[in-house]
Structures are given as structure tokens and as C-alpha cells.
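In this text, residue positions in the sequence shown follow our numbering: the first is 4, and each later residue adds one.
Where is the CB? At the ideal position from N, CA and C, for every residue including glycine.
What follows is a short report on a single structure.
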Amino acid sequence: MANHSTKRDTTHKEIKKAGIGDGWVVRDLHMVGQDFPDQIWAKPGINLLVECKSPGGTLSAGQKAFFAAWPGPKIVAFSGLDAVWKARSAELEVRFPG
């Protein structure tokens, strides 16, 4: 797995700000590297992994493998609005499965 521990996509700050604005506790994880997602968003009862990508960006092979193996909720976000909509959808799936 590649280690991109210092690289952040241009949307990273925008996505973090949007999550906080939507009531999530947001912590940066980009420094973990090894294809781990850039952020974790949390609300009571849900922890959501968020991979921040610039518009048109794609997951690396290692990121795809991580996402395929990770059993919990996770999203790839391309903007703040995109992140909020996907996070709300993921939250509903966790709270009201099926």
C-alpha cells in the first residue's frame, strides 16, 4: 500500500467544514497514510470514514482495497455538499437498515 500521509486533496478543508456544519464531530486522519481515509465523522451511534477527493479524482488501488475490506460505513466525497448528502444517506442506512 502506498503511503500518502502528507498529501491532501483540494477539497479536504471544505469537506471538513461541511461535516462540522451538519453536526458531525470531524477529525483528520490523512496523516495515518497507508490508504486509510482522510477523515472520520462521528455522531452518536455512527462513525463514518470519509475519503476526500478533488472533482474527477479516483481512488487508488490501495484505497479501493481498503474500502472493499472495511465493514463499516464509508464514503468518497468530492465537495462539501456531496459529503453531507452521502453522510446523511449513510446515517439513515445505519439507523434504519433495510
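> With a Cβ-Cβ cutoff of 7 angstroms, do A21 and G83 count as a contact?
Replying inline: yes
>> My output table needs one value for A5: the three-state DSSP class, helix, strand or coil.
In response: Confidence in A5 is poor, its pLDDT being 46 and thus under 50, which makes the residue's placement unreliable; the coordinate value appears in the next sentence. It is coil, neither helix nor strand.
> In angstroms, rounded to a whole number, what distance separates the CA positions of V28 and F39?
Replying inline: Taking C-alpha positions only, V28 is separated from F39 by approximately 18 angstroms.
> Do you know whose CA, among V79, Q37, S63 and V35, lies nearest T14's CA?
Replying inline: V79
> Does DSSP put Q37 in a helix, a strand or coil?
Replying inline: coil
>> So, at 8 angstroms on beta carbons, what are the nonlocal neighbours of K46 in its own chain, with the 5 sequence-adjacent residues on each side left out?
In response: G26, W27, V28 and E94
> With DSSP run on the structure shown, which of helix, strand or coil describes K56?
Replying inline: coil
>> Rounded to the nearest angstrom, what separates V19 and Q42 at their Cα positions?
In response: Reading off the sequence shown, one finds Lys at residue 19, where the question assumed Val. For K19 and Q42, the distance between alpha carbons rounds to 8 angstroms.
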